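Start counting the sequence shown at 950; every next residue gets the next number (the numbering used here).
Below is one structure, written out as structure tokens; comments come after it.
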Amino acid sequence: MDESGFSEKPKIVRTWAPRGQTPLLRHNFNWTTLSMISAVSERAKVYLKLHDETIKGPQVVSFLRHLMRRVRSRVIAFVDGATIHRTADVKEVVRRYRGRLQLERLPPYAPEMNPDEWFWSHLKYKELGNFCPATVGELKREVRKAARRVQNRPDLIRSFIKASGLSR
């Protein structure tokens, strides 16, 4: 489980253009951001929620409840050391789902061990690389569409898990 942000400023990636025609990215220099929280499952699914505000404890609680409604089996969520994963409200949700929900902390400074980091990287640099939205609404629509494209590719989701070293 992890959180990430998206902004109207494009993630610049290598591209191509006919010889002599330098590719140009035109964007409006807005810094409005969106936040998203997600979880990649070993069953090759991605669960996510998009937020207009920064992810804090209440959004983590909301996401954990969202996750527990959709996953009927036991959930072990690997999280980084962010304080938002250790709030009293988050601990209460874990207690409420005792036996079904468990949070395990990943080692510090080891983002490569989190499948969600691989998901975010793919979303930002492959699916949305060089994307220059005109508005926050357009950014929101494209982030959702890009996430849906990834959700429809279980082989790609499994590759995130394998790359993190968490696969069996």
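Glycine is no exception: its CB is placed at the ideal position from the N, C-alpha and C atoms.
Bear in mind the structure is a predicted one, so any value in this text is a computation, not a measurement.
- Apart from the 5 residues on each side of it in sequence, Leu999 sits with its Cβ closer than 8 Å to the Cβ of Leu983, Ser984, Met985, Lys1089, Val1092, Arg1093 in its chain, given in chain order.
- Distance from Gln1051 to Ile1033 at the Cβ level is roughly 17 Å; contact not present, criterion being Cβ atoms closer than 8 Å.
- Taking a 10 Å sphere around the C-beta of Asp951, we find 16 or more other C-beta atoms and assign the residue as buried.
- Per the coordinates, the alpha-carbon of Ala966 lies some 16 Å from the alpha-carbon of Phe1080.
- Counting of Cβ neighbours within 10 angstroms places Val1028 among the buried residues, the total reaching 16 or more.
- Annotated three-state conformation of Glu957 is coil, per DSSP.
- For the pair Asp1065 and Ser990, the CB atoms are not nearer than the 7 Å cut-off.
- Taken through DSSP and simplified to helix, strand or coil, Leu999 comes out as strand.
- Judged by DSSP in its simplified three-state form, Phe1012 adopts helix.
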